[in-house]
Amino acid sequence: MPEGDTVFAAAAWLRQGLEGRTLISTQFRIPSLATSDLSGRTVVGVRSKGKHLLIDVDESEPGAGDAVSIHSHLKMEGVWHVHRRGQKWRRPAYQARVVLRTDDHEAVGFDLGTLELLADPDAALAYLGPDLLADDFDRAEAIRRLGADPEQTIGAALLDQRLMAGVGNVFRSEICYLRGVLPTRPVGDVDLGPMVDLSRRLLWANRMRSARTTTGNTSPNARMWVYGRNGQLCRRCATIIKRGELASTGGERSVYWCPRCQS
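Each step along the sequence shown adds one to the number in numbering that gives the first Met the number 0, with nothing skipped, and position 23 is 22.
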């Protein structure tokens, strides 16, 4: 499941293949962008902001004022792949939503949940809270935003990208477990400083890993403390792990916890 660490890594790979290079062809395979053509322009930057990814492209000619950013959000199934030109794609072509070609590389976005061109990406994404993986991450602002509604559950607050950007469903459950906090506990009853610090630490540790882990063990069945382990034994106390849903985050967003280790 793509979260801030996944998008950070995707931006790093795209940066290697695209940044500073001229696009010799672009294909946008969605109706709203079907006629868009950025060929001949140079990619001047690739960056992530929380779970959003931006590919910054320069003007069509100096002074034209038409610089844009290709904005994508992976949602549940999306992924970016970077190939050498001529290399076989690792996903079927019908899943491709955008293809960006340079002289030697090809970047393909598959099953992207959001794909659009933004003239002012910073303004469009200004609603996001502090980015956990940003060099200038504002810890105090993240704590302030998370604590603004003390009655909200901490499980819901961690998923709200307007408060702090980067945590998704997997990290939400793991962060709560590692802090010994039930996801249903009101924000006002949570020590938010350590919660924020742990969130940043976990995302940072996983930002370039091929296999996400919060336990430190990369074996397939040992990577997580509670996420995806409903009905299994807690790795610390052997209590049965529970799964539930928080109404405010949507029925598809299951949360996992240990009834003994968390309160």
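The C-beta atom is built at its ideal place from N, Cα and C for all residues, glycine as well.
### Query
Which parts of the region 107 to 190 are runs of the alpha helix (DSSP H), unbroken and 4 residues or longer, counting only runs that do not cross its ends?
120 to 123, 138 to 145, 153 to 158 and 168 to 177
### Query
With burial defined as no fewer than 16 other Cβ atoms inside 10 Å of the residue's Cβ, what is the status of C233: buried or exposed?
Translated into positions along the sequence shown, residue 233 becomes position 234. By the neighbour-count rule (16 or more Cβ atoms within 10 Å), C233 is buried.
### Task
Could you tell me the distance, in whole angstroms, from the CA atom of A95 to the CA atom of E76?
Along the sequence shown, one-based indexing puts residue 95 at 96. Along the sequence shown, one-based indexing puts residue 76 at 77. If you take the alpha carbons of A95 and E76, they lie about 12 Å apart.
### Query
Quick one: Cα of G8 to Cα of L73, how far?
On the sequence shown, residue 8 is found 9 positions in, with the first residue counted as 1. On the sequence shown, residue 73 is found 74 positions in, with the first residue counted as 1. The question names Gly, yet the displayed sequence has Ala at residue 8. A8 and L73: Cα-Cα distance of roughly 13 Å.
### Query
Mapping DSSP to helix, strand and coil, what is Q26?
Residue numbering aside, residue 26 sits at position 27 when the sequence shown is read from its first letter. Correct three-state label for Q26: strand.
### R46: first and last residue of the uninterrupted beta strand (DSSP E) it sits in
Stepping through the sequence shown from its first residue, residue 46 is reached at position 47. That run of the beta strand (DSSP E) goes V42 to K48.
#### Entry: Buried or exposed by the 16-neighbour rule on C-beta atoms within 10 Å, applied to E105
Your numbering for residue 105 matches position 106 in the sequence shown. Counting Cβ neighbours within 10 Å, E105 comes out buried, since at least 16 surround it.
### Task
Could you say if the region 127 to 138 and the region 211 to 220 meet the contact criterion of at least three C-beta pairs nearer than 8 Å?
no
### Query
Is DSSP giving G85 helix, strand or coil here?
Numbered from 1 along the sequence shown, position 86 holds the residue referred to as residue 85. If DSSP states are grouped into helix, strand and coil, G85 belongs with coil.
### Task
Please state whether DSSP places R211 in a helix, a strand or coil.
On the sequence shown, residue 211 is found 212 positions in, with the first residue counted as 1. Coil.
### Query
What's the call for M207, buried or exposed, on a 16-neighbour Cβ count within 10 Å?
In the sequence shown, residue 207 corresponds to position 208, counting from 1. When all chains shown are included, M207 counts as exposed.
#### Entry: Buried or exposed (CB count within 10 angstroms, at least 16 for buried), G108
To locate residue 108, count along the sequence shown from 1; it is residue 109. G108 is buried by the Cβ-count criterion.
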